[in-house]
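Engineer:
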Amino acid sequence: MDPLDELLEYQPGSALLPEGLAGTVSYDAGSRAVRFDIPSLPAGFSGEITFRAAVRRDAPGNAPIVNTAGVTTSLSSAPTLSNSTFNTVLARSLLVTKKAGSTVAEAGDIVAYTVRVENVGAAPLEHVTVEDQIPAGFRYIKGSSRVDGSAVADPAGSSRHLGWDLGSMAPAAVKLLSYRLVLLAGVPAGTSVNWARASGITGTGSGSVSPPASAAVKVRPSILGDKAVIMGRIFRDRNGNGIPDPGEAGEPGVRIYLEDGSFVLSDAEGQYSFTGVASGNHVLKIDRETLDPALRPLPYNTSFAGVGWSQFVTVPFGGPARADFAMMPAPEPPSPPPPLPPECLPRRRSHRRSHWCRPLPAP
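No gaps in the numbering here: position 307 of the sequence shown is 326 in the working numbering, and each next residue is one more.
1) Pull up the CB-CB distance for F331 and V302, whole angstroms please, since I reckon it's below 8 angstroms.
2) Would DSSP call R135 helix, strand or coil?
3) Do the stretch 195 to 208 and the stretch 119 to 138 touch if we need at least three Cβ pairs shorter than 8 angstroms?
4) So, V115 versus E145, is the Cβ gap smaller than 9 angstroms?
5) When you compare the CB positions of G299 and I275, do they come within less than 9 angstroms of one another, or not?
6) In whole angstroms, what is the alpha-carbon distance linking A97 and P190?
7) Smallest Cα separation from E28: which of L35, Y46, E38?
8) For my contact list, D256 and M188 are in at a C-beta cut-off of 8 angstroms; report their separation, rounded to the angstrom.
9) Extract the residue ranges of the beta strand (DSSP E) inside the stretch 77 to 131, only unbroken runs of 3 or more that lie entirely within it.
10) Just checking E145 against the ligand GTP - is the residue's beta carbon closer than 8 angstroms to any of the ligand's heavy atoms?
11) Could you name the residues of the same chain whose beta carbon sits closer than 6 angstroms to that of G327, not counting the 5 residues immediately before and after it, in chain order?
12) Which residues bound the beta strand (DSSP E) around P28?
13) Could you say which of P154, V44, P61, P348 lies nearest to S211 if we only look at CA atoms?
14) Would you tell me roughly how many angstroms separate the C-alpha atoms of V44 and G224, rounded to the nearest one?
15) Here's the rule: buried if 16 or more other CB atoms are within 10 angstroms of the residue's CB, otherwise exposed. What is P335?
16) Spatial neighbours of A72 within its chain, please: CB distance less than 7 angstroms, with the 5 preceding and 5 following residues excluded, ordered by chain position.
17) Helix or strand or just coil, what does DSSP make of F70?
18) Which of the three DSSP states is assigned to F64 in this structure?
19) When the distance is taken between beta carbons, is V53 closer than 9 angstroms to F64?
20) Where does S281 fall in DSSP's three states?
21) Which residues in the same chain have their Cβ closer than 7 angstroms to the Cβ of I220, if we skip the five residues on either side of it in sequence?
22) Please report the distance separating the alpha-carbon of M20 from that of A88.
23) Starting from the Cα of I305, find the closest Cα among V236, P355, S281 and give me that residue.
24) Count the other CB atoms, across all protein chains shown, that sit within 10 Å of the CB of E67; report buried if there are 16 or more and exposed otherwise.
25) With DSSP as the reference, label R239 as helix, strand or coil.
As structure tokens, this is what we get:
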């Protein structure tokens, strides 16, 4: 029997008996004890029993946790005590909460995430870092990271383990990290959970790590099978970075052509999509007759080949692929040159020339 410290919470289903040994496991919430009942133990047997217990979220920092188990038999009711383990609850200086912008998604969808980091300690923290483990089949969208609404550098790390350095945080300070992930064609159906935690360093050099926070998205099977989706947005790019950022208006009613002649119109938010597209290389073109003449498309990467209204797109097997069209204000046409005085105008049957012709002053 193992009575748990009041700061521990037993994790149901976590107890395991040694392999090949019969028995039962129970937990009594009143006495807070985990009980292993083993009818028979062979002579000379050696093994271990295990279970998991979590530290309560409201456990005070620097509190001690002591655990001691006892063994009784049918021959002796007096328990034989095990060694005692001693642990100390780390004082938490950081708390993290995480939210997903969508609870249900499928291949090709984009999900926005927000991570809230708070310094609940009494000391300032340096090099506060958020580490995020994203689910299989999800991919980070480059250029989508924001801290408190301002663009920041893309995270370091591998494709599924991302890390952002938020800098320093004073006591009671809060920072909001946001970013976006796209669901790839091979994303497995079911519930996908990603985890985030924050860490920082105090002025004395000691570290602080937050409890993990998670956000779940239910991935539903795609209705397109092995076909792909090309999606994108026609938008007014106010900051000229080629990425549809929050607050940048979409351009509705713009016709977009695929190379096979099929076309769609952008919706009220400037979004469009082609479904059932085969994998491979494709070409998208904007019908400039449907575009506001005050706008001009911006070729912000090499897929445009220098022309902002036509874009090459490579669609992987099963997709999806994305092709945005960024719009900037069109330059104003140049002013016409000022008129010349009458004596400078060409005359028939005349060989006289004026060497002092000057444009008339503008009215």
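We treat Cβ as the ideally placed atom computed from N, Cα and C, and that holds for glycine.
All values derive from a computational prediction rather than experimental measurement.
Structural biologist: Judging by the given coordinates:
1) Taking the sequence shown and counting its residues from 1, one reaches residue 331 at position 312. Taking the sequence shown and counting its residues from 1, one reaches residue 302 at position 283. The C-beta distance from F331 to V302 rounds to 6 angstroms, short enough to meet the 8 angstroms contact threshold.
2) As a first step, residue 135 must be located in the sequence shown, where it is residue number 116. If DSSP states are grouped into helix, strand and coil, R135 belongs with the strands.
3) yes
4) If you number the sequence shown from 1, residue 115 lands on position 96. If you number the sequence shown from 1, residue 145 lands on position 126. No, these two residues do not count as a Cβ contact at 9 angstroms.
5) Within the sequence shown, residue 299 is the residue found at index 280, counting from 1. Within the sequence shown, residue 275 is the residue found at index 256, counting from 1. 9 angstroms or more divides the Cβ of G299 from the Cβ of I275.
6) Within the sequence shown, numbered from 1, the residue matching residue 97 stands at position 78. Within the sequence shown, numbered from 1, the residue matching residue 190 stands at position 171. Taking the straight line from one Cα to the other gives about 51 angstroms.
7) Translated into positions along the sequence shown, residue 28 becomes position 9. Among L35, Y46, E38, the Cα nearest to that of E28 belongs to Y46.
8) As a first step, residue 256 must be located in the sequence shown, where it is residue number 237. As a first step, residue 188 must be located in the sequence shown, where it is residue number 169. Going by Cβ atoms, the distance from D256 to M188 rounds to 32 angstroms, so no, they are not a contact pair.
9) Counting only runs of 3 or more, we get 83 to 86, 104 to 107, 113 to 119.
10) The ligand GTP is absent from the structure shown, which contains no ligand whatsoever.
11) Position 308 of the sequence shown holds residue 327. Closer than 6 angstroms at Cβ, skipping near neighbours: P316, L317, P318.
12) Within the sequence shown, numbered from 1, the residue matching residue 28 stands at position 9. The sequence given here has Glu at residue 28, not Pro. Looking at the DSSP string, the run of the beta strand (DSSP E) that includes E28 is 27 to 29.
13) Numbered from 1 along the sequence shown, position 192 holds the residue referred to as residue 211. Looking at the Cα atoms, P154 is the closest of the given residues.
14) Counted from its first residue, the sequence shown places residue 44 at position 25. Counted from its first residue, the sequence shown places residue 224 at position 205. One C-alpha to the other measures close to 43 angstroms.
15) Translated into the one-based positions of the sequence shown, residue 335 becomes position 316. Classification for P335: exposed.
16) Here residue 72 refers to the residue found at position 53 of the sequence shown. Excluding sequence neighbours, A72 sits near L23, L27, E28, Y29, Q30.
17) Mapped onto the sequence shown, residue 70 falls at position 51. Residue state, collapsed to three classes: coil.
18) Position 45 of the sequence shown, counting from 1, holds the residue named residue 64. Note: F64 maps to coil in three-state DSSP.
19) Along the sequence shown, one-based indexing puts residue 64 at 45. Along the sequence shown, one-based indexing puts residue 53 at 34. Not a contact, by the Cβ cut-off of 9 angstroms.
20) One-based indexing of the sequence shown puts residue 281 at position 262. In this structure, S281 counts as coil in the three-state DSSP scheme.
21) By one-based count along the sequence shown, residue 220 stands at place 201. Once the five neighbours on either side are set aside, the close Cβ partners of I220 are L144, E145, H146, G226.
22) The residue given as residue 20 occupies position 1 in the sequence shown. The residue given as residue 88 occupies position 69 in the sequence shown. Between M20 and A88, the C-alpha separation is close to 6 angstroms.
23) In the sequence shown, residue 305 corresponds to position 286, counting from 1. Comparing Cα positions, the closest option is S281.
24) Within the sequence shown, numbered from 1, the residue matching residue 67 stands at position 48. Label assigned to E67: exposed.
25) For the purposes of this step, residue 239 is taken as residue 220 along the sequence shown, with counting starting at 1. DSSP places R239 in coil when its eight states are reduced to three.
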